[in-house]
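Colleague:
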Amino acid sequence: MTLLNVCGLSHHYAHGGFSGKHQHQAVLNNVSLTLKSGETVALLGRSGCGKSTLARLLVGLESPSQGNISWRGEPLAKLNRAQRKA
């Protein structure tokens with residue numbers, strides 16, 4: 001059974017300056033993964049590579065700039081807090 005499905009996930013942060021121009025810093029680009037029941041996964045990488053951002057996206061604390069996250073076949077964005085904990 002597929003628990004978590006991530007497809008084409010990208011995320012960027014907008015940085016504004018005094019000039020009024022907004023620059024976008026890409027943090028994640030086209031991340032895809034599938035986690036099935038009973039599997040274990042480790043996320044490794046150097047400081048600043050997007051590990052914490054990915055974790056925040058996977059638990060719904062932030063919304064992705066692009067892509068889809070599904071938990072047990074349901075879009076993460078449609079699940080309430082209690083459903084995400086189950």
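Counting in the UniProt record's numbering, the sequence shown runs from 1 upward without gaps. Cβ coordinates follow ideal geometry from the N, Cα and C atoms, glycine included.
Put S47 into one of helix, strand or coil per three-state DSSP.
Modeller: As a first step, residue 47 must be located in the sequence shown, where it is residue number 47. It is coil, neither helix nor strand.
Colleague: Can you have a look at V6 and say buried or exposed, based on whether 16 or more other CB atoms are within 10 angstroms of its CB?
Modeller: Taking the first residue of the sequence shown as position 1, residue 6 is located at position 6. Classification of V6: buried, given that the 10 Å Cβ count is 16 or more.
Colleague: In whole angstroms, what is the alpha-carbon distance linking R56 and P64?
Modeller: Taking the sequence shown and counting its residues from 1, the one referred to as residue 56 is at position 56. Taking the sequence shown and counting its residues from 1, the one referred to as residue 64 is at position 64. Approximately 10 Å between the Cα atoms of the pair.
Colleague: Assign H15 to one of two classes, buried (16 or more other C-beta atoms within 10 Å of its C-beta) or exposed (fewer than that).
Modeller: Your numbering for residue 15 matches position 15 in the sequence shown. Under this definition H15 is an exposed residue.
Colleague: Could you pull out every residue in the same chain whose Cβ sits closer than 8 Å to the Cβ of Y13, ignoring the five residues on either side in sequence?
Modeller: By one-based count along the sequence shown, residue 13 stands at place 13. Excluding positions up to five away in sequence, the list reads H24, Q25 and V27.
Colleague: Take G8 as the anchor and find which of K78, S70 and N80 has the nearest alpha-carbon.
Modeller: Sequence index remark: in the sequence shown, residue 8 carries index 8 (1-based). With distances taken between Cα atoms, G8 lies closest to S70.
Colleague: Please state the DSSP three-state secondary structure of T2.
Modeller: Numbered from 1 along the sequence shown, position 2 holds the residue referred to as residue 2. DSSP places T2 in strand when its eight states are reduced to three.
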